[in-house]
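Below is one structure, written out as structure tokens; the observations come after it.
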Amino acid sequence: MKGKGRMTDNLGHDDHAYHEYLQQQVYAEDLGLNFHHSHPSLRISEPDLNVTPILTSQSENMPDLGHDGDEHDDPDPNPHQDFDFYPQMEEKLPKQVKSDLFVLHMKKVTNKDGSTVVICNYCKKVFKWHKSGGYGSYQKHITNSHPDAQAKSSSQSQIPRYATPNQQLFKYSDVKNREELARMVAVEYLPFSFGEKVGFNNYCQRALNPAACRVPRTTLTEALENIYEKEKKMLENFLEKYNGRVSVCADIWSDHWRMHSYIGVTCHYMDNAWAIQKRILAFRVFDEKHTAANIFRHLRIIFTEYKIENKIFAIGFDNASNNTAAIPALIELCKPYLGGKFFHQRCACHVFNLCVQKGLKTLEQFIQPIKDALYFLWKHPSVMKLWAAYCKQNGKRAIRFPPDVPTRWNSTYKLLARSYEYRDLLVTFIQYHVSHINLYQSHWDACSNVCGLLKVFYTATNNLSGVYYPTTNLFIIESLNIAGAFAHCESDSELHESVTAMKDKWLEYYKEFPNIYLIALCFDPRCRLENLPDYLSVYYEQGLKIDYDVDMCCARVKTLLYELYDEYIKVYGPSLNIDVPQTQNVSRSSSSSSSFVNLGYNLLSKKTKKLQGSSSSSSTTYSELESYLSTSFGFIEDTEDKKFDILHWWKEHERYFPILAMIAKQILLTPVSTVAVEQQFSAGGNILDPRRSLMSPKSLQIQACVEDWTKAQNRQQEIDQEEPYDFFKDDQPTESRTDDHGND
1 MKGKGRMTDN LGHDDHAYHE YLQQQVYAED LGLNFHHSHP SLRISEPDLN VTPILTSQSE
61 NMPDLGHDGD EHDDPDPNPH QDFDFYPQME EKLPKQVKSD LFVLHMKKVT NKDGSTVVIC
121 NYCKKVFKWH KSGGYGSYQK HITNSHPDAQ AKSSSQSQIP RYATPNQQLF KYSDVKNREE
181 LARMVAVEYL PFSFGEKVGF NNYCQRALNP AACRVPRTTL TEALENIYEK EKKMLENFLE
241 KYNGRVSVCA DIWSDHWRMH SYIGVTCHYM DNAWAIQKRI LAFRVFDEKH TAANIFRHLR
301 IIFTEYKIEN KIFAIGFDNA SNNTAAIPAL IELCKPYLGG KFFHQRCACH VFNLCVQKGL
361 KTLEQFIQPI KDALYFLWKH PSVMKLWAAY CKQNGKRAIR FPPDVPTRWN STYKLLARSY
421 EYRDLLVTFI QYHVSHINLY QSHWDACSNV CGLLKVFYTA TNNLSGVYYP TTNLFIIESL
481 NIAGAFAHCE SDSELHESVT AMKDKWLEYY KEFPNIYLIA LCFDPRCRLE NLPDYLSVYY
541 EQGLKIDYDV DMCCARVKTL LYELYDEYIK VYGPSLNIDV PQTQNVSRSS SSSSSFVNLG
601 YNLLSKKTKK LQGSSSSSST TYSELESYLS TSFGFIEDTE DKKFDILHWW KEHERYFPIL
661 AMIAKQILLT PVSTVAVEQQ FSAGGNILDP RRSLMSPKSL QIQACVEDWT KAQNRQQEID
721 QEEPYDFFKD DQPTESRTDD HGND
């Protein structure tokens, strides 16, 4: 029926009012509000109904989706009062008054007599409506009388129901979904079929985005390959244009499940912000014999791919003889500075491992009873439950001791250190439950002494395994600590034989320090060349207690330092006119006896407080190197030694020493261990587990590279710290993994 009046349906309902009512019903049900179907005002049976019911809630546009209605402290005893309809009393607010004040705290009501009032949602206090639009009195009431409600509403984000183009912050993309899922699979070591898992897809579609599509294994593999190819090309272009030298680490590993060997190579460089960066270059199958010629061939292919064969300052290997035999060919290929005097770096952590393994062989008689007792706990789950109950009964945390892996000396240290904390409980518990094992005080005394000795190596290994901070300048400091531990423990009758064996092995490698470590100490402004004799004297005379010509060593280091400086002058041009930093005279501190265990750091702390160099270094006739060696830099507080950031120092002084800063970059970014590349062979448990070993070599390389490159974006490539062993943690002793040289 057409006409000027309103349309009505067959039941006589006003068409406009009825449909508006239906829209409000759908809207209320969609928001989960209580829509009163039986309310008298909703009985739209009169054909002349001309009043539209208005749904009033805490928000006429959109209620706060982040607000839990159960937690709202509404003084009104009727929980549905805010959602009732007042067809004869309330009216819609104009757009200009739909502020948070009326959305959350107040409501405007028109009485039957035509007067308009404002009612507080909390205390129901009635205010006169100001036609001029001034809301000051209303806001003041909420602030003074209901501050908690105001604070709660201000902390809740208002989420629009329908996003406008300006509000649309996220747009779903199938391509992005596949790429990020592929990255997650690589970083978290998930199976490539993870995108097909029912639970994962339900989570994505129900909780994140209904448009999220299932990603099959083949599609995910293709996405991961695309990421690898794209980012590998970017890395190749970057290294080709990189204006500086890099350091690389290489290692060879064996997969005992599929009888494959792999070669891994990492690249370390310094960016423009003086931040050390690490990128894995390759993780490839190496099934040929591990001869020097084959090692050189694989490395040459990798270096040529990334166009860095002429940019390598140093390369780090483990202590295998075939690696050493490949060095001459690599020097010929890479043409490093000074004919390769800084080129070959042995992994310090491998040397630590050899020394400790040598010493532990003579200590088995003292620590074997403790290891047997703990193995008994591991072997019998029922006994482990009794042990857990016994610990709780005595107010101690129930733990399961870490397993002892024969090829990993640090596992022995952790085992002894944790067991020593529980020695009293262990003695009583083992004595009661195990008749054939007896733990005596002599065992625990030996355990304490062994832990004290191994802790020095353990600390040094951790400090020298970092990725994002320099380690070359720390090596001699850590070596002084180790030498001090040798001197301190030699007098112990139980440890004498072990310490002697460890020191003999140590002297095979570090009777003379490698050149790069000596030069690195000179580039530490707290030490420099002037203090080098003091460090060497303490190392040889007080630590190792052997004769050594310190003066000749210092003269050799000075010659190397000047040769390296001249080499950089030839490459980067003549020395610039530089600003000479103002001399800082620092009073000499009184000498004090140094602890053997912290011999290196105590000496460093003392030397940095001394007056270093000439007190009249303001002459610009000095060369850049001479200026650096003679200028006094003040380091007064002990806390500065611990907080000192050597990279930041060189960044701040680059304008004074531009050529030396270039050298410092190369020296300080060189890692002293190959732990960074060993991470890629196995993650977490330090093994190539069977699942990953079933992957093709190509997929394994792609996963390893994408994982490393993704973590590099967030600078999360550091060594994962192991969590404490908890009794209730579901872990088991892992199979040891060794490289081809029997090293950890």
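Each step along the sequence shown adds one to the number in the UniProt record's numbering, with nothing skipped, and position 661 is 661.
Don't be surprised by glycine CBs; every beta carbon is placed ideally from N, CA and C.
query: For Glu91, the three-state DSSP class (helix, strand or coil); result: With a pLDDT of only 45 at Glu91, under 50, the local geometry of the prediction cannot be trusted, and no value is derived from it.
query: Exposed unless 16 or more other CB atoms sit within 10 angstroms - verdict on His443; result: buried
query: N-terminal and C-terminal residue of the beta strand (DSSP E) that Ile315 is part of; result: 312 to 317
query: Of the listed residues Trp709, Leu474, Met695, Glu421, nearest to Glu236 (C-alpha basis); result: Trp709
query: Cβ-Cβ distance between Phe313 and Ser247 below 9 Å; result: yes
query: Ile302: first and last residue of the uninterrupted alpha helix (DSSP H) it sits in; result: 292 to 306
query: Same chain only: Cβ atoms within 8 Å of Lys558, ignoring 5 sequence neighbours per side; result: Leu529
query: Member of Phe644, Glu707, Lys197, Ala501 whose CA lies at the smallest distance from the CA of Gln357; result: Ala501
query: Whether Thr674 touches Cys349 by CB criterion (9 Å); result: yes
query: Given 8 Å, three or more beta-carbon pairs between the region 368 to 381 and the region 329 to 341; result: no
query: Selection from Glu188, Ala186, Val215 that minimises the alpha carbon distance to Gly199; result: Val215
query: Cut-off 7 Å between Cβ atoms - residues of its own chain near Leu560, not counting five sequence neighbours on either side; result: Lys341, Asn515, Ile519
query: Cβ pair count under 8 Å reaching 3, the region 314 to 327 against the region 284 to 301; result: yes
query: Best match in Phe283, Phe286, Gly244 for proximity to Met270 [C-alpha to C-alpha]; result: Gly244
query: Beta-carbon gap between Leu415 and Pro403 smaller than 9 Å; result: yes
query: Rounded straight-line distance, which links the Cα of Met695 to that of Asn449; result: 45 Å
query: Minimum C-alpha distance to Phe192 - residue among Ala207, Leu536, Leu220, Phe317; result: Leu220
query: Proximity to Thr362 [Cα-Cα], best of Ser498, Tyr440, Ile546; result: Ser498
query: Contacts around Tyr509, its chain only, beta-carbon distance under 6 Å, and the 5 residues preceding and following it disregarded; result: Val351
query: Extent of the continuous beta strand (DSSP E) to which Phe283 belongs; result: 276 to 285
query: Contact check, Gly543 vs Gly452, beta carbons under 9 Å; result: no
query: Pick from Lys545, Val538, Cys522 that is closest to Ala555, judged by C-alpha positions; result: Cys522
query: Best match in Cys123, Tyr122, Lys131 for proximity to Thr116 [C-alpha to C-alpha]; result: Lys131
query: Phe343 vs Asp251 beta-carbon contact at 9 Å; result: no
query: Counted within 10 angstroms of its Cβ, other Cβ atoms place Glu624 as buried (16 or more) or exposed; result: buried
query: The alpha helix (DSSP H) enclosing Ile367, as first and last residue numbers; result: 364 to 379
query: Range covered by the alpha helix (DSSP H) that runs through Cys522; result: 515 to 522
query: Pick from Val467, Glu490, Lys455 that is closest to Glu478, judged by C-alpha positions; result: Lys455
query: Residues that DSSP places opposite Met270 in a beta bridge; result: Ile276
query: Strand pairing of Met106, partner residues [DSSP]; result: Cys120
query: Where Ile659 sits in the DSSP three-state scheme; result: helix
query: Assigned secondary structure, His141 (DSSP; H/G/I helix, E/B strand, else coil); result: helix
query: CA-to-CA distance, Glu494 to Asn481, given in whole angstroms; result: 21 Å
query: Spatial distance of Tyr242 from Lys665 (CA atoms); result: 13 Å
query: Any 3 or more C-beta pairs closer than 8 Å across the region 204 to 213 and the region 275 to 289; result: no
query: Simplified DSSP assignment, three categories, for Asn543; result: Reading the sequence as shown, one finds Gly at residue 543 and not Asn. Helix, per DSSP.
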